[in-house]
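Note sheet for the following structure.
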Amino acid sequence: MAAPLPITDRPVRLGVVGLGQISELVLPSYLDRDDVTVAGLCDANEERIVRWSRDFSDAHTTTSLDDLLRLDLDVVDVLVPTPAHGDVVCRVLDAGFHVQVQKPLARTVEDAERMLAAARSTGAALRVMEDYLFYPPLVKLREIVQSGEIGQPNGVHMKIVANGLGGWDVPASSYEWQFEQALDGRGMMVFDHGWHQLAVAHSLFGPIRRIFGWVGATEIVPGIVLDAPSTLVWEHDNGVRAVLDITFAPDMYFRSDYYTGDERIEVTGRKGYARLNRISAHGIQEPSVVVYRDGETIGFHAIDDRPPDAFRASTDHALRWFRGDDRELVMDGAVARDVLVALITALDSSQQGRPLDVPRP
């Protein structure tokens, strides 16, 4: 059985499996904290282990998941590629540990159901690490919408421009599994990146009841295709309608120290609108959040708006929850399953060429 919660008399003991590119954003959020101890690091690549053992010198390091699961841990962060989530998460849950898994929850609904069943059988928490929900400008956007300042929300427009210039250097190995996964329709832009936008929409307006996907394709080099241009259109249970527009601009530059890309979210209400101008990169040189109402525009300039800010806030929440200081876990396995089902329904819709109702549990 999983460790009883809350954990109040000692630091949370954490293990990590998977030390690829995303670990460069996840693991720094554990440094210099006295409420968590990174006790184990696991990756098949020994060079990655060496890289992180310098920062977490007291952690046990191993290339074997079985070895990691023999440690005295409370929680395991699963940061392996998405196609491996189902098997790795279930092994960790079956071993009696709480799990935080990098988004998306799973590659298939069947894998998601296996994870939820394993969590129920051991009493473990299953949390998806969805950093966008903690990105400070998005938190501000949600506060504005929920306050009623722009009136009753009626619609949402989301935009992603996938560009080819700018951002950090990502090893080719971090993309190989993405391109392999894309061969069966789960592309990098709609499935992997679009998860963020559907998760944000779900957090703002609740479950999605109907969705239409129109997934395009652009060949980058022979044999490698990016799933853009693409468009998703959906309606929430509460009647709010949304559009996600994904465009590929390979020769466009955006300044970023991390992932690049131009992302915007605009919520229109009966009285005005609230717009988020950027997430991953610094495209529009305006305040990260602006509000229009009654002929006036208000800009919010002093909001932390870099990707590490979102990951730190996500870690803050998780550790508060494990210690009993936060009452609601964001996002748990059941909510993540709902997002995954809506996303896969959008892909099915594109193949069938018509809108589809989102199945309910």
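The opening position of the sequence shown corresponds to residue -11 in this note's numbering, with each subsequent residue numbered one higher. All C-beta atoms, glycine included, are put in the ideal place defined by N, C-alpha and C. As the structure is a prediction and not an experimental result, all values here were calculated from the model.
Approximately 7 Å separates the beta-carbon atoms of residue 5 and residue 67; this is inside 8 Å, confirming the contact. With a cut-off of 8 Å on Cβ pairs, the segment 304 to 316 is not in contact with the segment 325 to 340, counting fewer than three such pairs. With a 10 Å radius around the Cβ and a threshold of 16 neighbouring Cβ atoms, residue 156 comes out exposed. Within 10 angstroms of the beta-carbon of residue 126 lie 16 or more other beta-carbons, which makes it buried. Counting along the chain, the unbroken alpha helix (DSSP H) around residue 183 starts and ends at 182 to 193. In chain order, 165 place their CB closer than 7 Å to the CB of residue 69, counting only its own chain and leaving out the 5 sequence neighbours on each side. Counting along the chain, the unbroken beta strand (DSSP E) around residue 253 starts and ends at 250 to 257. By the 16-neighbour rule on beta-carbons within 10 angstroms, residue 205 is exposed.
In the displayed model, residue 141 falls within a strand according to three-state DSSP. In the structure shown, the three-state DSSP call for residue 222 is strand. Each residue's CA atom was taken as its position, placing residue 105 and residue 81 some 10 Å apart. By the Cβ-count criterion, residue 55 is exposed, with fewer than 16 other Cβ atoms from all chains shown falling within 10 Å of its own Cβ.
Along the segment 278 to 313, the beta strand (DSSP E) occurs as fully enclosed runs of 3 or more residues at 284 to 288, listed in sequence order. Judged by DSSP in its simplified three-state form, residue 177 adopts helix. By the Cβ-count criterion, residue 259 is exposed, with fewer than 16 other Cβ atoms from all chains shown falling within 10 Å of its own Cβ. Note that the C-beta distance between residue 293 and residue 124 is below 8 Å. DSSP places residue 163 in the helix class (H, G or I) of the three-state scheme. From the listed residues 202, 325, 279 and 167, the smallest Cα separation to residue 210 is found for 167. Leaving aside the five residues that flank residue 291 on each side, the residues in its chain whose CB is nearer than 7 Å to its CB run, in chain order, 124, 125, 128, 276 and 277. Judged by their CB atoms, residue 170 and residue 215 are nearer to each other than the 8 Å cut-off.
Between residue 331 and residue 183, the gap from beta carbon to beta carbon is short of 8 Å. Per the DSSP secondary-structure output, residue 146 pairs in a beta bridge with 232 and 253. Per the coordinates, the alpha-carbon of residue 149 lies some 21 Å from the alpha-carbon of residue 9. Listed in chain order, the beta strand (DSSP E) runs fully inside the segment 26 to 90 are 48 to 50, 63 to 66 and 86 to 90, counting runs of at least 3 residues.
When C-alpha distances from residue 187 are compared across 248, 120 and 251, the shortest belongs to 120.
In the three-state reduction of the DSSP assignment, residue -7 falls in the coil class, being assigned neither a helical nor a strand state.
In the same chain as residue 178, and ignoring 5 residues on each side of it, the C-beta atoms closer than 6 Å to its own belong to 203, 215 and 218, in chain order. Residue 195 is positioned such that its CB atom lies no closer than 8 Å to that of residue 13.
Residue burial is scored here from C-beta neighbours: residue -11 has fewer than 16 other C-beta atoms within 10 angstroms and is therefore classed as exposed.
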